[in-house]
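If you read the sequence shown in my numbering, its first letter stands for residue 9, the second for the next number, and so on.
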Amino acid sequence: MKKQVISTLLVGAMAVGMLAGCGDSTSTGAAATSAAAAASSAAPAAATSAAAAATSAAAAATSAAAAAAGTGTVGVAMPTKDLQRWNQDGSNMKDQLEAAGYTVDLQYANNDVSTQVSQIENMVANGDQILVIASIDGSSLGTVLAEAKAKNIPVIAYDRLIMQTDAVSYYATFDNYKVGTIQGQYIEDQLGLKDGKGPFNIEIFTGDPADNNAQFFYNGAMDVLKPYITSGKLVVKSGQTEFADVATANWSTETAQSRMENIISSYYSDGTTLDAVLCSNDSTALGVENALSGAYNGTWPVITGQDCDMANVKNMIAGKQSMSVFKDTRELAKQVVKMVGQVLTGATVDVNNTKDYDNGTGVIPTYLCDPVFADKDNYKTLLIDSGYYTEADLQ
Ligand code: BGC
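Pasting the structure below:
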């Protein structure tokens, strides 16, 4: 990634790091900038694209201005039930939208792009008044979203940015670059790389290339780790370091597992120690952990993750996964429900990032929630005391 982009992202990450988290109204008030305000103060090139996004967002908001908050149907398109987090996202959205008075049309697409497209077509045909979409392939929704735009149905991209379409009004997610930074810095700390320790062996697993987030996670982590790879303090025995080589289609546990099994048999079956595995999320971490349990006899490596899925928290407690990144899906849902109401009533929409998320048609005004580091020492406070899980869930 180009330096300029990295520094932009870092500044964004720092700004967001100052927030207490999603839905904190005081910090939102201070940090929230309307897309239009950002457009006028930003550098000319960015201003043009932010202005374009602001215009389309404003158009959608105006067209929906007649609609009231808390009435009508909200279409919620989720990628798959296979991964725990999307079940939580879907049910949190449904519960909170219904509590606010909306009817909810919640659909899961089994990670199949054409299923998701036809679900969204139905939402448009049924006259849903606003769409909230967590895409499977961020670049495959242009045609169906053009239909939504033609009917003045606003679209909010949920967690994953929808690419190459000007039909998207707003985006809400967690700070994806910061997720990667947390993972990279954890490996840096655990191995003592800053103190000059090493060399250590590391392998890298990231996510689906069609998911815009995957590149952010990878960049955040690699911006921390790459200097050590270059200096030889981190060695990637497989030689697989480029995004395309370490991506995992559909974030599949099985795909990650079989890639890790191949790597173990080629590079670590002779007693060579694997010191760390950077995994961008919990589903890939689970595959790596399964492969290691079956075929690796050395000292257990440092393994990162993201989402605090139950199976991974159990592995954290059992010492098989070192950390995860907690993204409280209740908070993201709360923010998006608020956004839905603001868009439908034509109110100013809370956003706190108007520069980092360009979907190819311009910068989409974004609300970033704050991801939080989790490990076996703080999971009880984060996950159980907060009511996210019960003790029994993690037995
Ligand atoms: C989400 C992650 C999730 C991954 C796989 C990403 O877009 O941000 O939280 O682990 O998809 O579902």
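C-beta: ideal position from N, C-alpha, C; glycine also.
Can you name the residues that DSSP bridges to residue i?
| i | result |
| --- | --- |
| Phe182 | Cys377 |
| Cys316 | Paired residue(s): none; Cys316 is not in a bridge. |
| Ser330 | Paired residues: none, contrary to the question. |
| Met347 | In DSSP, Met347 forms no bridge with anything. |
| Ala165 | Ile141, Tyr179 |
| Leu286 | Ile212 |
| Leu114 | Val84 |
| Ala382 | Ser332 |
| Asp366 | Val371 |
| Leu242 | Phe208 |
| Asn361 | Thr374 |
| Val310 | Ala284 |
Which same chain residues, not among the five before or five after residue i, have their C-beta less than 8 Å away from its C-beta?
| i | result |
| --- | --- |
| Ile164 | Ile138, Leu139, Val140, Ile141, Val176, Ser177, Tyr178, Tyr179, Ala180, Val344, Met347, Val348, Val351 |
| Thr337 | Arg93, Gln96, Asp97, Asn100 |
| Ala154 | Thr173, Ala175 |
| Tyr397 | Met318, Val321, Leu391 |
| Asp393 | none |
| Gly302 | Glu269 |
| Gly395 | none |
| Thr261 | Ser291, Thr292, Leu294, Gly295, Asn298 |
| Ser246 | Glu211, Ile271, Ser274, Tyr275 |
| Lys388 | none |
Suppose the cutoff is 7 Å on Cβ atoms and the five residues either side in sequence are ignored; what does the same chain contact list for residue i look like?
| i | result |
| --- | --- |
| Ala156 | Val132, Leu139, Val163, Ala175 |
| Lys384 | Met324, Ile325 |
| Tyr365 | Leu169, Tyr179, Val371, Ile372, Thr374 |
| Thr214 | Ala222, Phe225, Tyr226, Phe251, Val254, Ala255, Thr256, Ser288 |
| Glu106 | Val112 |
| Ala264 | Phe213, Thr256, Thr292, Gly295, Val296 |
| Ala382 | Cys316, Met331, Ser332, Val333, Phe334, Leu390 |
| Ala400 | none |
| Pro309 | Leu282, Asp283, Ala284, Val285 |
| Asp32 | The predicted model places Asp32 with a pLDDT of 44, which falls under 50 and marks its position as unreliable; any figure quoted below should be read in that light. Hits under 7 Å: none found. |
| Gly150 | Gln172, Thr173 |
| Ser71 | Because the pLDDT of Ser71 is 43, which lies under 50, any placement of that residue in the model is unreliable, and the number read from its coordinates should be weighed accordingly. Closer than 7 Å at the Cβ level, and outside the excluded window around Ser71, lie Asn160. |
| Asn220 | Gly146, Arg168, Leu169, Met171 |
| Lys407 | Within the shown structure, residues of the chain are numbered from 9 to 403, placing residue 407 beyond reach of any answer. |
| Asn386 | none |
With residue i as the anchor, note down where its alpha helix (DSSP H) starts and where it stops.
| i | result |
| --- | --- |
| Gln5 | Given that the chain is displayed from residue 9 to residue 403, the structure contains no residue 5 and the question cannot be resolved. |
| Leu390 | Taken as a continuous stretch (DSSP letters only), Leu390 belongs to no alpha helix (DSSP H), as it is neither H nor E. |
| Asp97 | 92 to 107 |
| Leu402 | No alpha helix (DSSP H) contains Leu402, which DSSP labels as neither H nor E. |
| Leu268 | It is worth fixing the name first, because residue 268 is Met in this sequence and not Leu. 261 to 271 is the extent of the alpha helix (DSSP H) around Met268. |
| Ala154 | 150 to 158 |
| Ala252 | 251 to 254 |
Could you name the residues of the same chain whose beta carbon sits closer than 6 Å to that of residue i, not counting the 5 residues immediately before and after it, in chain order?
| i | result |
| --- | --- |
| Thr369 | Asp174 |
| Ala341 | Asn100, Met101, Gln104 |
| Asp145 | Val121, Ala218 |
| Gln403 | none |
| Pro52 | Because the pLDDT at Pro52 is just 38, under 50, the model does not fix this residue reliably, and the value given afterwards should be weighed accordingly. Nothing meets the Cβ criterion. |
| Gly80 | Gln137 |
| Gln248 | Val254 |
Just checking my contact of residue i with residue j at CB under 8 Å: how many whole Å lie between their CB atoms?
| i | j | result |
| --- | --- | --- |
| Gly306 | Gly279 | 7 Å |
| Val244 | Ile212 | 7 Å |
| Tyr276 | Tyr304 | 6 Å |
| Ala76 | Thr353 | 7 Å |
Considering just the uninterrupted stretch of the beta strand (DSSP E) at residue i, what are its terminal residues?
| i | result |
| --- | --- |
| Tyr236 | No beta strand (DSSP E) contains Tyr236, which is instead part of the alpha helix (DSSP H) from 220 to 239. |
Report whether the distance from the Cβ of residue i to the nearest heavy atom of ligand 2 is below 7 Å.
| i | result |
| --- | --- |
| Asp378 | This structure does not include ligand 2; its bound ligands are ligand 1. |
Three or more C-beta pairs under 8 Å: does that hold for the segment 148 to 160 against the segment 225 to 244? no
Stretch pair the segment 114 to 131 + the segment 78 to 85: three plus CB contacts closer than 8 Å: The segment 114 to 131 is in contact with the segment 78 to 85.
Contact between the segment 181 to 201 and the segment 317 to 333 is defined here as three or more beta-carbon pairs at a separation below 8 Å; is this criterion met? yes
Stretch pair the segment 123 to 130 + the segment 196 to 207: three plus CB contacts closer than 8 Å: no
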